Amino acid sequence: MNFLSRIMILSALLSLAGCGDGDKLWEDGNYRVYARPNCREIIMGYHFGDGGVLGLSGPTVTAAGADARHVVFQVNGASHFYIVREEGGEGTTHGPYAVEAFEAIRRELSLPSFEWHLRR
1 MNFLSRIMIL
11 SALLSLAGCG
21 DGDKLWEDGN
31 YRVYARPNCR
41 EIIMGYHFGD
51 GGVLGLSGPT
61 VTAAGADARH
71 VVFQVNGASH
81 FYIVREEGGE
91 GTTHGPYAVE
101 AFEAIRRELS
111 LPSFEWHLRR
């Protein structure tokens, strides 16, 4: 399945689910953490600029950060992920990692810190 087909299917599924794009809580370039109000989900997504958003995580994202090479995010306070940015696309997502494994990877790759945290 090609990239455009995946986007169209994802957009259709989001419309059917009634979740919508929601409110942007954090953003760095095309990467966004946003709340989908009808579902009360907070997810990491890649925004294509034409209204299409590719979801990169399950709910609920609780922290995020970025630098020029990587995006990092945390789901439910326990699962950690990082994305290697790619020119003109959503990049490659790695994870989930437990805290200890993620901290070792963070040091090895010089991953950024979490700059945004979900307020509860």
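1 is the number of the first residue of the sequence shown in full-length UniProt numbering; add one for each residue after it. Beta carbons: idealized from backbone N, C-alpha and C, even for Gly. As the structure is a prediction and not an experimental result, all values here were calculated from the model.
Shown here for His47: same chain residues with a beta carbon closer than 7 Å to its own, the five before and five after excluded, namely Asn30, Arg32, Val53 in chain order. For the options Glu103, Thr92, Arg120, Asp50, the alpha carbon positioned closest to that of His80 is the one of Glu103.
Counting only the Cα atoms, Thr62 lies some 6 Å from Asn76.
Non-local beta-carbon contacts of Glu90 in its own chain, meaning distances under 6 Å to residues more than five positions away in sequence, involve Tyr46, Leu54 in chain order. Note: Gly45 is bridge-paired with Arg32, Gly55 in the DSSP secondary-structure output.
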